[in-house]
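Everything in the sequence shown is counted per UniProt numbering, starting at 1 for the first residue and increasing by one.
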Amino acid sequence: MGGLTFAAPWLLAAAAVLPLIYILLRQAPPPALRAPLPSLKLLSREEIPPPQAARPPWWLLLFRLFIAALLIAALAGPSWQPQPPANLPQRLVIVIDNGWAAAPRWAEMVDAAERRVESLSGTGTRFAILPTAAQREERNGDGGPPRFVDGATARAALAALAPQPWGLDRAGAATRLPSEASYLWIADGYQTDGATDLRRRLEGGEILTFPSAAPVFTDLGPAAGGYAMRLARPGGGQEHAAVRVLTQNGREIVNGAAYFDGAGAALRLPVPAAEQNRAARIVAGDGPASTFLTAGASAPPRVAILDGESGDPPLQSGSFYIRRAIEPQAEIVRTDLAEAERSDAAMFILDDVPLSEAAAAPLLDRVENGAVAVSFAGPRTAENGTALSPVPLRSGARAFGGTLSWQEPQGIARFADGSPLAGLTGGNDIAIRRQLLTRDLPDGAMVWAALADGTPVVTAARRGAGLLILVHTSAAPDWSDLPLSGLFETIMRRFLPLAANPRALDIAARAPWRLERQMTGTAALMTPDVSAEIPADRWERAVASPETPPGLYRSGDLTQALNLTSTLRRDFRFRPLRTDGLSPAADMAPPIPLGRYLFLAACLLIAADMLLSLLLRGALRLGHSPGLRTSAQVTGAMAALLLAAPLMAQGPAPSPGPAAEEDAGMPRLQLAYIGGTGADAAVREGLEGLSQALARRTAVHPGEPARIAPDAANIGRYPVVYWPAYARGSMSVREAQNIRAYLDRGGLVLFDFGRPFDGTTNARRLLAPLGLPSLAEADRNHVLMKSYYLIGSAGGGALWVEAGTAGESGRVSSVAIGGGDWANLWSGATPAAPSVRENALRFGINLVMYALTGTYKADQVHTETLLGRIGRSAPE
């Protein structure tokens, strides 16, 4: 059974003027003016009765009063609620969970709250909104029960709410819960501390739960050659989680799949050595708990190089080769032992620097606190040894291939599994001519690389919280060919992630860590809206909270990340929320506004009144009647005004977005991009740059770029959709079906892999679900290269399109696949020569023109042949 409500019931009081309107309509018109007419004297003997004033009939008066009543009712904003609550509450408290677990389904939770508010609009119900996420202490100090407000204010409060990247304080929310009210709890569906207290206070109320299926990181840290992580998922969640390592601008470095055994999963994700310090975040889903900041892109490791005072020329010194190997990936300082004691470097590399126990004591203390010391052998170390060696050494060096040696130089035969050097190849091509030998391998010593005879080339051992590493040959090319090879650079870059251990940066005298970039509840990074500071001696114990939000913190020239995993235990498991004493709430359907229909009815009745008036006066004739034509014109104008701008007594409706305008059939040209990839900002700026170039150079004037989700049922009629495949390298079956439907409707998708595309495995994995026809490389004669500008290439390597779309067949390719990193070139974010950016803009303009006009310039493919024929047929 439904219910009728009014947005402005006070306007119904205008019905009191209906009797006055009736009296006014009944009033006779004023008497006619009296003027003498001489000819009337001839009829002086005749009695001429005075004319009677004409009044409308009673039924016409009632008809017009009914029209006035309809207009008054329409102005009051009536609406019909199909399923009103059984008991209309006078006061309703909406308790809404807005912690990290609510982030993946936050939009649904807010929609449910808004629907409940709308369903009670016009009933006199007052609303209070109570979020349960933990608050800062200064806000808790003056925080009491929430105020009760009207429906419009409640909707504004709900729109201003956002999920927070930390946990809930349900016990605190229970203490601020107003009494003598009805309750609706919109919960994230999981049990936490304080949930029982809140449930008891809400007993007898209603509850709606929105459990998420997104996995969360419970533990993540650097491992040999990459990252090791553990994930948890809710019960009934997905069988596996796609984990991606992204750069600062959202480009995907590597991806992998974590398969759940029960509720947990473990994954070891290798990252190429050249990319390890570009990794900025690791993503497994939506929300802050599914995102892990690495801070790798913000703070390259600081490395101190110490070398002996040999006076060797630069090209013969080991420090030259060390610097050349790690310089692009690390911040390097060249120092001596005295300055190294005061340095805040996380790694110390010693090039043939022998140290006694006393001399090495300061560096050993740093290693005990988490630093990494890498020592290279050399003549001085062979003669004197070093206290920084992870293993005891024999005096002197073992020589191969000399006049007194029968042995030939050896290569590196193996790299130990599970070590930072695991998986390296090419060691057999290296000639090791001299090597330091160990006396024995004590407990805890590790051999990371060895020669064919099993003697170590790289050894390591833990020392306190840090690590000692010894390379048993020199960093200069006098003992081996290793420094001259690419393998040396790879080995050194494998060492660098070991310096990213936060403990290696922990110095008691360091300044506090101050929040520089704050993570939001949607896992985006923003300028902090609060100031937060963590003392250096408390960093290891810091957890994400309102006082110390997750994000990037800086101390001096160093940056570290505080993640939500700091609040989760390694064995964290999702527990379903207990709902004893609460009744499941019906998800209320939104009310149906009736004002538009009442206005339409009033307009039709007004038109009918005009027709009746004409009929009573005898002025209505069928055919070409001026009165009938005037009545039709007035009726049409009133209907047009009604449809264009309905005058209803309600708040201003939000402006429709691009999707709403698309659904309404409004023509709108927009470029679109796949959102939710971590590269949204960069891609949007790129498409804005391309749109501006289109507006300046062509007759095409695109609107603001549209962000779309590939899982949307109707993607829309956008001419081009940009897919940043470097930031999102996979698609689900549903997404593939939606993209396929968009392509079948004539759309075009540009897949940008951020690097030259060569048909790699990742690309084939992404494109396979679409079932694309065979592809071919678009050469300079393809119509796409001539659709506006004459360009030779798209930039970024080969551009692949559907085979058979060069122009002769009239077919238009539905995909363009390449690796030009075009969005960053269009926006100017990527440093590039002006000619490179100009070529990228011209390619983008050509692509839009190709999507809009197809092969209308296909005749230019045959231009050379036509010109040749013209030349041959011309007279001599």
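Ideal placement from N, C-alpha and C gives every residue a C-beta, glycine not left out.
Just reading off the alpha helix (DSSP H) that residue i is part of, what are its end residues?
{"i": "Trp479", "result": "Note, Trp479: premise wrong, no alpha helix (DSSP H); not H, not E."}
{"i": "Ser319", "result": "Gly318 to Ile326"}
{"i": "Tyr742", "result": "Val733 to Asp744"}
{"i": "Gly151", "result": "Gly151 to Ala160"}
{"i": "Gly172", "result": "Arg170 to Thr175"}
{"i": "Glu704", "result": "Neither: Glu704 is in no alpha helix (DSSP H) and is coded neither H nor E."}
{"i": "Pro270", "result": "Element bounds for Pro270: not the alpha helix (DSSP H) but the beta strand (DSSP E), Gly264 to Pro270."}
{"i": "Ala68", "result": "Trp58 to Leu75"}
{"i": "Glu108", "result": "Trp106 to Ser119"}
{"i": "Ala360", "result": "Glu357 to Glu368"}
{"i": "Ala195", "result": "Ala195 to Arg201"}
In or out: residue i buried (at least 16 other Cβ within 10 Å) or exposed?
{"i": "Arg842", "result": "buried"}
{"i": "Ile491", "result": "buried"}
{"i": "Thr548", "result": "buried"}
{"i": "Asn428", "result": "exposed"}
{"i": "Gly426", "result": "exposed"}
{"i": "Ile23", "result": "exposed"}
{"i": "Trp166", "result": "buried"}
{"i": "Asn277", "result": "buried"}
{"i": "Asn738", "result": "buried"}
Look up residue i in the DSSP assignment and say whether it is helix, strand or coil.
{"i": "Asn255", "result": "strand"}
{"i": "Tyr190", "result": "strand"}
{"i": "Thr830", "result": "coil"}
{"i": "Leu687", "result": "helix"}
{"i": "Ala664", "result": "Confidence at Ala664 is low in this model, with a pLDDT of 37, below 50, so the placement of that residue should be treated as unreliable; the coordinate-derived value is given next. In the structure shown, Ala664 sits in coil (DSSP, three-state: anything other than H, G, I, E or B)."}
{"i": "Phe488", "result": "helix"}
{"i": "Tyr788", "result": "coil"}
{"i": "Pro646", "result": "Residue placement at Pro646 cannot be trusted, given a pLDDT of 42 that sits under 50; what the coordinates show is reported in the next sentence. In this structure, Pro646 counts as coil in the three-state DSSP scheme."}
{"i": "Ala284", "result": "coil"}
{"i": "Ala16", "result": "helix"}
{"i": "Val836", "result": "helix"}
{"i": "Pro549", "result": "coil"}
{"i": "Gly657", "result": "Note on Gly657: pLDDT 41, under 50, position unreliable in the model; the coordinate value appears next. Coil, per DSSP."}
{"i": "Asn501", "result": "Residue confidence for Asn501 is low, a pLDDT of 48 falling below 50, so the modelled location carries little weight; the figure read from the coordinates is stated next. Three-state DSSP puts Asn501 in coil, outside helix and strand."}
{"i": "Gln407", "result": "coil"}
{"i": "Arg541", "result": "helix"}
{"i": "Ala228", "result": "strand"}
{"i": "Asp261", "result": "strand"}
{"i": "Pro38", "result": "helix"}
Shortest alpha-carbon distance to residue i belongs to which of the options?
{"i": "Arg578", "options": "Pro78, Leu202 and Leu337", "result": "Leu202"}
{"i": "Ala736", "options": "Asp711, Ile282, Gly746 and Arg728", "result": "Asp711"}
{"i": "Met132", "options": "Leu120, Ser119, Gln560 and Pro146", "result": "One detail in the question is off: residue 132 reads as Thr in this sequence, not Met. That would be Pro146, whose Cα lies nearest to the Cα of Thr132."}
{"i": "Gly678", "options": "Ile791, Leu694, Ala709 and Leu496", "result": "Ala709"}
{"i": "Phe488", "options": "Leu498, Gly792, Ala475 and Arg230", "result": "Ala475"}
{"i": "Tyr183", "options": "Leu158, His472, Leu231 and Leu130", "result": "Leu130"}
{"i": "Ala776", "options": "Val783, Arg380 and Leu799", "result": "Leu799"}
{"i": "Gly378", "options": "Phe260, Val353 and Arg366", "result": "Val353"}
{"i": "Ala373", "options": "Trp826, Ser356 and Ile349", "result": "Ile349"}
{"i": "Trp80", "options": "Pro593, Gly676 and Leu25", "result": "Pro593"}
{"i": "Gly250", "options": "Ala794, Asp779 and Trp723", "result": "Trp723"}
{"i": "Ser119", "options": "Asp219, Gly151, Val110 and Leu25", "result": "Gly151"}
{"i": "Glu108", "options": "Ala15, Val700, Pro211 and Trp59", "result": "Pro211"}
Who are the near neighbours of residue i in its chain, counting only those whose CB is closer than 6 Å to its CB and skipping five residues on each side?
{"i": "Met526", "result": "Gln518 and Thr520"}
{"i": "Ala74", "result": "Gly595, Leu598 and Phe599"}
{"i": "residue 879", "result": "Since the displayed the chain opens at 1 and closes at 876, residue 879 lies outside it and no answer follows."}
Beta-carbon within less than 8 Å of residue i's beta-carbon, same chain only, minus the 5 sequence neighbours each way: which residues are those?
{"i": "Thr830", "result": "Asp821 and Asn824"}
{"i": "Gln135", "result": "Gly143, Asp169, Gly172 and Pro546"}
{"i": "Pro362", "result": "Leu337, Ala340 and Glu341"}
{"i": "Pro502", "result": "Note that Pro502 scores a pLDDT of 39, beneath 50, so its modelled location is shaky; the value from the coordinates is reported in the next line. So the qualifying residues of the chain are Gly370, Trp539, Glu540 and Gln560."}
{"i": "Leu12", "result": "Phe6, Ile72, Ala73 and Ala76"}
{"i": "Val733", "result": "Pro769"}
Return the first residue and the last residue of the beta strand (DSSP E) that residue i is part of.
{"i": "Pro131", "result": "Arg126 to Pro131"}
{"i": "Leu750", "result": "Leu748 to Asp752"}
{"i": "Thr459", "result": "Pro456 to Arg463"}
Cutting at 7 Å between CB atoms, please list the residues of its own chain near residue i, excluding the five before and the five after it.
{"i": "Gly205", "result": "Ser182, Tyr183, Leu184, Trp185 and Leu582"}
{"i": "Phe21", "result": "Checking the sequence, you will find Ile at residue 21 rather than Phe. Result list for Ile21: Leu65 and Ala68, in chain order."}
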